[in-house]
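Under the numbering used here, the residues of the sequence shown are numbered 2 to 89, in order.
Glycine included, C-beta positions come from ideal geometry on N, C-alpha and C.
All remarks here apply to the structure that follows.
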Amino acid sequence: MKEAGMDCPGGHGKMVLRRAKKRMTFRGVKIIVPVEQYICAACGVEAGTVNQAARIQKTIADAYRKAVNLLAGEEIIEKRKRLNLKPA
């Protein structure tokens with residue numbers, strides 16, 4: 002499903018959809034995550050949809066797990082399937 006565009010909350014018109022990598026600290030660990038968000042060309046405000054926020058949260062969690070040598074969500078699912086295990 003394609004997301005509709007977004008207007009600048011400051012009244013500058015349509016915002017532009019951009020993909021970028023953001024550096025951040027999560028639970029004391031520095032990570033870099035790809036993000037997709039709308040940016041206003043006039044004032045630089047960044048905003049996103051609920052779906053974009055959900056994807057970013059999952060990406061942050063997976064990047065954190067990788068940084069601290071834990072399995073990502075997809076890896077856990079894959080290993081459970083391979084071992085024929087069901088979640089508790």
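Just checking my contact of M25 with V34 at CB under 8 Å: how many whole Å lie between their CB atoms?
Working through the sequence shown from its first residue, we reach residue 25 at position 24. Working through the sequence shown from its first residue, we reach residue 34 at position 33. So it is a contact: roughly 7 Å between Cβ atoms.
Going by DSSP in three states, T26 sits in which element: helix, strand or coil?
To locate residue 26, count along the sequence shown from 1; it is residue 25. Strand, per DSSP.
Check each candidate in C44, G74, A42 and I61 and name the one with the smallest Cα separation from R28.
As a first step, residue 28 must be located in the sequence shown, where it is residue number 27. That would be I61, whose Cα lies nearest to the Cα of R28.
Would you say the beta carbon of K82 is closer than 7 Å to some non-hydrogen atom of the ligand NAD?
With respect to the ligand NAD, the structure offers nothing, as it holds no ligand at all.
Where are the beta strand (DSSP E) runs, 3 residues long or more, that stay fully inside the segment 4-68, in chain order?
Whole beta strand (DSSP E) segments, 3+ residues: 17-27 and 30-40.
Under 8 Å between C-beta atoms of G74 and C44:
Taking the sequence shown and counting its residues from 1, one reaches residue 74 at position 73. Taking the sequence shown and counting its residues from 1, one reaches residue 44 at position 43. No, the Cβ-Cβ distance between G74 and C44 is not below 8 Å.
For K87, which of helix, strand or coil comes out of DSSP?
What you label residue 87 is simply residue 86 of the sequence shown in a count that begins at 1. Coil, per DSSP.
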